[in-house]
Structure formats: C-alpha cells, structure tokens
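Following: one structure in structure tokens, then a few remarks.
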Amino acid sequence: ARADSMQEISTGLDQAQKVIDVTTAKANELRYETITAVNAETKKIRARVEEFFAE
Numbered sequence: 001a002r003a004d005s006m007q008e009i010s011t012g013l014d015q016a017q018k019v020i021d022v023t024t025a026k027a028n029e030l031r032y033e034t035i036t037a038v039n040a041e042t043k044k045i046r047a048r049v050e051e052f053f054a055e
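With UniProt numbering applied, the sequence shown covers 1 to 55.
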C-alpha cells in the first residue's frame, strides 16, 4: 500500500509540474505579447508628439 501511495504522489507531482510548465509558457507568451503591444503604442505616441512639435 505504501508503494502505491508513493506512486500516486509521484504521478500527482508529475502532473502538477506539467501544469506549472504550461502555465509558465503561457505567461511568458502573454508577457511577450504585452511588451510588443506597449512598444507599438509607444512608437505611435512618439510619432504623434514629434509630428506635433514639428508643425
């Protein structure tokens, strides 16, 4: 019974690690998308400011 319990714990930990890995990958993807979007907006704002002061 003890070996079965250890196996169940091991399997549970493996499954938890898979969830953590997928969650981490998704978080990194979202972070990259957010940074990319912020940079794009920053470029647009900068261009508008430069255009404003160029007039």
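For glycine and all other residues, C-beta sits at the position ideal for the given N, C-alpha and C.
- Query: Can you tell me the Cα-Cα spacing of E51 and G12, whole angstroms?
  - Reply: 58 angstroms
- Task: Could you tell me the distance, in whole angstroms, from the CA atom of R31 to the CA atom of D4?
- Result: 40 angstroms
- How is A3 classed by DSSP in three states: helix, strand or coil? helix
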